Amino acid sequence: MTLALIEGSAIVQNVVPGSGFNLPNGDRVSPALDGWTNGIHRLATVVEADPVPDGKLIVSTDAEMVV
Amino acid sequence: MTSKARAILNSDADANLANNDTRDLSEADIRTSVKDLADSAVLLKDSDTLENGYLSTVHDLGTVSSGTTTLAPANSNFQKMTNNGASTLAAPTATGAYAITILITNAASAGAITLSGFSNTSGDDFTTTNGDDFFVDIRKIDSFTSAHVEALQ
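Going line by line, the protein sequences match chains A and B. Following numbering that gives the first Met the number 0, the residues of the first sequence are numbered contiguously, the last one being 66. Following numbering that gives the first Met the number 0, the residues of the second sequence are numbered contiguously, the last one being 152.
Here you go:
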C-alpha cells in the first residue's frame, strides 16, 4: 500500500505508510497514516489500478476529458 | 567570606543577627552576613561554577489530541505531554537562547505529530503505538531552532 500526500487537490509525492515525511514547507510529520490531515495537506491511500483484461493493451495512463 | 548552605545561612542569621536589644549588633556582623550570602548565591551577573546538581519540575502539558502546541521555556526546561490524537508541535518563539526537552507518551488514540517551524529536524520517527515514549530535544539560538526525536523503546 502506498499513501499519496495531497496538497489541495494535487498529489505532491508518495509516502510509505508508517514512515516520516516532509511537507513542502519543510515541516516533518510522522508517522504517515491514511486519513491524516493538516490544513491544506492530507494523506490518502493510492488505489491500485484494475488489472488489464486479457487481449487488451494499455497505450496511455493519461486521459483528458474533452467536452 | 564563606560560601554556605541555606540551612547554615539561616542558623548564622539567627545566631549573629538576633534582636538588637542590647545594642551589640555591629556593622561587621551585618557585613559578614551579607558577604556570606553573596558568596553562597548564584548571581545572574556573575560567571560561576555550580557546585551541585539541580533538579527541575517537569511541566505537564496534559493530553494533546489536536491543534498546535507551542512550547514556552518559561514553563520549564523539562516538559511532558500525552499524545492522544494528531497534532502539531511548533517551534518555540520566545526570544533568547534555551533548550527544552519534552517527553511524549502515546495513549490509545495517538496520532501523527507534525514538527512545524523548526530550522532542522532529525532523529527517529514518531509512532502511534500505545505506551511508546519519545524524547524531543529542542534548542534555540538566535533565529535557529532544532528538534531531535529519540524513541525510548
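Ideal Cβ placement from N, Cα and C applies to all residues, glycine included. Treat the numbers as computed from the prediction; the structure is a model and nothing was measured.
**Message:** For the alpha helix (DSSP H) containing residue 31(B), name the first residue and the last one.
**Reply:** Working through the second sequence from its first residue, we reach residue 31(B) at position 32. Taken as a continuous stretch (DSSP letters only), the alpha helix (DSSP H) holding residue 31(B) covers 26 to 39.
**Request:** May I have the straight-line CA-CA distance separating residue 80(B) from residue 39(A), to the nearest angstrom?
**Result:** Position 81 of the second sequence, counted from the start, is the residue given in the question as residue 80(B). Position 40 of the first sequence, counted from the start, is the residue given in the question as residue 39(A). Rounded to whole angstroms, residue 80(B) to residue 39(A) spans 26 Å at the Cα level.
**Asked** Under a three-way DSSP split, which group does residue 3(A) fall into?
**Response** As a working note, residue 3(A) is residue 4 in the first sequence. Residue state, collapsed to three classes: strand.
**Residues within the region 54 to 79 of chain B neighbouring chain A, beta-carbon criterion of under 7 Å** = none
**Prompt:** Where DSSP assigns a beta bridge to residue 53(B), which residues make up the other side?
**Reply:** Along the second sequence, one-based indexing puts residue 53(B) at 54. Per DSSP, none; premise fails for residue 53(B).
**Request:** Kindly list the residues whose CB is nearer than 7 Å to the CB of residue 1(B), restricted to its own chain and excluding five residues on each side of it in sequence; keep chain order.
**Result:** Along the second sequence, one-based indexing puts residue 1(B) at 2. Excluding residues within five positions, the ones whose Cβ falls inside 7 Å are 35, 38.
**Request:** Evaluate contact between the region 42 to 52 of chain B and the region 65 to 73 of chain B, counting only Cβ atoms and requiring at least three cross-stretch pairs below 8 Å.
**Result:** no
**Message:** Can you check whether the C-beta of residue 2(A) is within less than 7 Å of a C-beta belonging to chain B?
**Reply:** Your numbering for residue 2(A) matches position 3 in the first sequence. So no, residue 2(A) is outside the interface.
**Item:** Residue span of the alpha helix (DSSP H) that contains residue 8(B), given as start and end
**Value:** Here residue 8(B) is taken as the residue at index 9 of the second sequence, counted from 1. That run of the alpha helix (DSSP H) goes 5 to 15.
**Request:** Determine the burial state of residue 26(A): buried for a count of at least 16 other Cβ atoms within 10 Å of its Cβ, exposed for fewer.
**Result:** Residue 26(A) sits at position 27 when you count from the first residue of the first sequence. Classification of residue 26(A): buried, given that the 10 Å Cβ count is 16 or more.
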